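Written out below as C-alpha coordinates is the structure these notes cover.
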Amino acid sequence: MAALEWDDKLQLDLPELDTVHREFVDLLAQAEQADDAALPTLWHTIITHTEGHFGMEDRWMLATGFAPDNCHLHQHQAVLDILREGAAKGAQGDLAAIRAMIPDLANWFSYHAKTMDAALVYHLQSTGFDIHAAPTALPVAAPAVTGCGCAA
12 MAALEWDDKL QLDLPELDTV HREFVDLLAQ AEQADDAALP TLWHTIITHT EGHFGMEDRW
72 MLATGFAPDN CHLHQHQAVL DILREGAAKG AQGDLAAIRA MIPDLANWFS YHAKTMDAAL
132 VYHLQSTGFD IHAAPTALPV AAPAVTGCGC AA
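Going from the sequence shown to the working numbering is simple: count from 1 and add 11.
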(Lines of atoms letter the chains of each structure in order from A and count residues from 1; the text may use other names and numbers.)
(Lines give C-alpha, C1' and ligand atoms only; values in the text may rest on other atoms or scores of the structure.)
Protein backbone atom coordinates (compact mmCIF):
# COMPACT_ATOMS: atom_id res chain seq x y z
CA MET A 1 0.00 0.00 0.00
CA ALA A 2 1.24 3.49 -0.86
CA ALA A 3 2.34 5.84 1.91
CA LEU A 4 -0.46 8.16 0.81
CA GLU A 5 -3.49 7.49 -1.33
CA TRP A 6 -6.12 9.97 -2.45
CA ASP A 7 -9.37 9.81 -0.52
CA ASP A 8 -12.34 12.06 0.04
CA LYS A 9 -10.89 13.35 3.32
CA LEU A 10 -8.25 15.20 1.27
CA GLN A 11 -10.86 16.88 -0.93
CA LEU A 12 -11.33 20.54 -0.03
CA ASP A 13 -13.98 21.51 -2.61
CA LEU A 14 -11.76 24.01 -4.36
CA PRO A 15 -11.17 22.30 -7.73
CA GLU A 16 -7.88 24.04 -8.53
CA LEU A 17 -6.41 23.03 -5.19
CA ASP A 18 -7.92 19.55 -5.23
CA THR A 19 -6.35 18.94 -8.64
CA VAL A 20 -2.91 20.05 -7.47
CA HIS A 21 -3.23 17.98 -4.32
CA ARG A 22 -4.26 14.88 -6.28
CA GLU A 23 -1.28 15.39 -8.60
CA PHE A 24 1.02 15.62 -5.57
CA VAL A 25 -0.37 12.38 -4.12
CA ASP A 26 0.14 10.67 -7.49
CA LEU A 27 3.72 11.96 -7.80
CA LEU A 28 4.55 10.78 -4.30
CA ALA A 29 3.20 7.31 -5.12
CA GLN A 30 5.32 7.26 -8.27
CA ALA A 31 8.40 8.21 -6.25
CA GLU A 32 7.67 5.46 -3.78
CA GLN A 33 7.62 2.89 -6.61
CA ALA A 34 10.46 4.40 -8.68
CA ASP A 35 13.64 2.48 -9.28
CA ASP A 36 16.96 4.07 -8.37
CA ALA A 37 17.58 5.34 -11.91
CA ALA A 38 14.25 7.20 -12.07
CA LEU A 39 14.04 8.50 -8.51
CA PRO A 40 16.27 11.62 -8.74
CA THR A 41 14.44 12.95 -11.81
CA LEU A 42 11.07 12.20 -10.27
CA TRP A 43 12.13 13.93 -7.05
CA HIS A 44 12.97 17.06 -9.06
CA THR A 45 9.52 16.81 -10.67
CA ILE A 46 8.00 16.72 -7.17
CA ILE A 47 10.02 19.80 -6.20
CA THR A 48 8.92 21.73 -9.29
CA HIS A 49 5.30 20.71 -8.77
CA THR A 50 5.44 21.65 -5.09
CA GLU A 51 6.99 25.04 -5.84
CA GLY A 52 4.04 25.80 -8.12
CA HIS A 53 1.51 24.36 -5.67
CA PHE A 54 2.84 26.30 -2.69
CA GLY A 55 3.35 29.43 -4.78
CA MET A 56 -0.32 29.35 -5.75
CA GLU A 57 -1.45 29.01 -2.13
CA ASP A 58 1.04 31.64 -0.96
CA ARG A 59 -0.26 34.15 -3.53
CA TRP A 60 -3.83 33.52 -2.38
CA MET A 61 -2.85 34.00 1.25
CA LEU A 62 -0.97 37.22 0.62
CA ALA A 63 -3.73 38.56 -1.62
CA THR A 64 -6.31 38.00 1.12
CA GLY A 65 -4.38 39.61 3.94
CA PHE A 66 -2.22 36.91 5.48
CA ALA A 67 0.93 38.39 6.98
CA PRO A 68 4.06 37.56 4.98
CA ASP A 69 5.51 35.78 8.01
CA ASN A 70 2.52 33.55 8.81
CA CYS A 71 3.18 29.94 9.79
CA HIS A 72 1.48 28.44 6.73
CA LEU A 73 3.97 30.17 4.43
CA HIS A 74 6.82 29.24 6.76
CA GLN A 75 5.74 25.61 6.65
CA HIS A 76 5.74 25.70 2.85
CA GLN A 77 9.28 27.09 2.84
CA ALA A 78 10.49 24.48 5.34
CA VAL A 79 9.06 21.63 3.27
CA LEU A 80 10.63 23.01 0.08
CA ASP A 81 13.97 23.27 1.89
CA ILE A 82 13.69 19.63 2.97
CA LEU A 83 12.74 18.50 -0.55
CA ARG A 84 15.77 20.35 -1.95
CA GLU A 85 17.99 18.79 0.70
CA GLY A 86 16.73 15.39 -0.45
CA ALA A 87 17.60 16.29 -4.04
CA ALA A 88 21.12 17.28 -2.97
CA LYS A 89 21.56 13.99 -1.13
CA GLY A 90 20.20 12.11 -4.14
CA ALA A 91 22.70 13.89 -6.38
CA GLN A 92 25.43 12.53 -4.10
CA GLY A 93 24.05 9.02 -4.53
CA ASP A 94 22.15 8.88 -1.24
CA LEU A 95 18.79 7.71 -2.57
CA ALA A 96 17.96 6.17 0.81
CA ALA A 97 17.56 9.71 2.17
CA ILE A 98 14.91 10.47 -0.45
CA ARG A 99 13.15 7.16 0.15
CA ALA A 100 13.10 7.87 3.90
CA MET A 101 11.45 11.24 3.25
CA ILE A 102 8.52 9.80 1.31
CA PRO A 103 6.45 8.40 4.23
CA ASP A 104 7.22 11.46 6.34
CA LEU A 105 6.15 13.74 3.51
CA ALA A 106 2.97 11.68 3.06
CA ASN A 107 2.09 12.02 6.76
CA TRP A 108 2.87 15.73 6.75
CA PHE A 109 0.82 16.37 3.61
CA SER A 110 -2.25 14.54 4.85
CA TYR A 111 -2.29 16.56 8.06
CA HIS A 112 -1.41 19.85 6.33
CA ALA A 113 -4.16 19.49 3.73
CA LYS A 114 -6.81 18.63 6.33
CA THR A 115 -5.85 21.50 8.62
CA MET A 116 -3.99 24.47 7.17
CA ASP A 117 -5.22 24.07 3.60
CA ALA A 118 -8.79 23.41 4.77
CA ALA A 119 -8.61 26.62 6.82
CA LEU A 120 -7.25 28.48 3.80
CA VAL A 121 -10.13 27.26 1.62
CA TYR A 122 -12.61 28.29 4.31
CA HIS A 123 -10.97 31.70 4.48
CA LEU A 124 -11.06 32.13 0.69
CA GLN A 125 -14.71 31.10 0.52
CA SER A 126 -15.77 33.22 3.48
CA THR A 127 -14.11 36.32 2.03
CA GLY A 128 -15.56 35.71 -1.44
CA PHE A 129 -12.07 35.71 -2.92
CA ASP A 130 -12.01 34.92 -6.64
CA ILE A 131 -8.85 32.89 -7.24
CA HIS A 132 -9.15 33.56 -11.00
CA ALA A 133 -9.13 37.34 -10.58
CA ALA A 134 -6.61 37.40 -7.76
CA PRO A 135 -4.94 40.75 -7.18
CA THR A 136 -1.22 40.65 -6.54
CA ALA A 137 -1.59 42.30 -3.13
CA LEU A 138 -4.14 43.81 -0.79
CA PRO A 139 -4.48 47.53 -0.37
CA VAL A 140 -2.16 48.84 2.34
CA ALA A 141 -5.04 49.64 4.70
CA ALA A 142 -6.22 46.03 4.94
CA PRO A 143 -5.33 44.32 8.24
CA ALA A 144 -3.00 41.32 7.99
CA VAL A 145 -4.00 37.83 9.06
CA THR A 146 -1.35 36.53 11.43
CA GLY A 147 -0.63 33.22 13.09
CA CYS A 148 -1.79 29.86 11.81
CA GLY A 149 -5.52 30.56 11.78
CA CYS A 150 -7.72 32.25 9.26
CA ALA A 151 -9.69 35.48 9.32
CA ALA A 152 -13.13 34.01 9.57
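We treat Cβ as the ideally placed atom computed from N, Cα and C, and that holds for glycine. Treat the numbers as computed from the prediction; the structure is a model and nothing was measured.
Judging by CA-CA distance, which residue of the options is the nearest neighbour of residue i?
i, options, result
"HIS32", "PRO51, GLN41 and THR61", "THR61"
"GLN22", "ALA13, VAL36 and ALA14", "VAL36"
"HIS143", "ALA13, PRO26, GLU16 and ASP18", "PRO26"
"GLY63", "ALA74, ASP80, GLN88 and CYS82", "GLN88"
"ALA130", "ASP47, ASN118, THR75 and VAL90", "THR75"
"ALA99", "MET12, HIS55 and CYS82", "HIS55"
"GLY139", "THR126, TRP71 and ASN81", "TRP71"
"GLU111", "TYR122, GLY97 and SER137", "It is worth fixing the name first, because residue 111 is Ala in this sequence and not Glu. Of the listed residues, the one whose Cα sits closest to ALA111 is GLY97."
"ASP128", "ASP80, LYS20 and ASP115", "LYS20"
"PHE120", "GLN136, PHE65, LEU73 and ASP47", "PHE65"
"ALA48", "THR30, GLY104, ASP69 and MET67", "GLY104"
"MET12", "LEU28, ASP29, GLN41 and THR30", "GLN41"
"LEU28", "ALA45, GLU68, ASP141 and ASN81", "GLU68"
Can you name the residues that DSSP bridges to residue i?
i, result
"PHE120", "In the DSSP output, where bridge partners are listed per residue, PHE120 has none listed."
Pull up the CB-CB distance for residue i and residue j, whole angstroms please, since I reckon it's below 8 Å.
i, j, result
"LEU53", "LEU106", "Contact doesn't hold; Cβ gap of about 11 Å is too wide."
"VAL90", "ASP24", "Going by Cβ atoms, the distance from VAL90 to ASP24 rounds to 23 Å, so no, they are not a contact pair."
Thinking C-beta only, is residue j closer than 7 Å to residue i?
i, j, result
"LEU195", "ILE58", "Since the first residue shown for the chain is 12 and the last is 163, residue 195 is missing from the structure and cannot be characterised."
"ILE113", "GLY101", "no"
"GLU34", "ALA14", "no"
"LEU39", "ALA124", "no"
Check whether the Cβ of residue i lies closer than 6 Å to any heavy atom of the ligand GDP, and answer yes or no.
i, result
"GLN88", "With respect to the ligand GDP, the structure shown offers nothing to examine, as it has no ligands at all."
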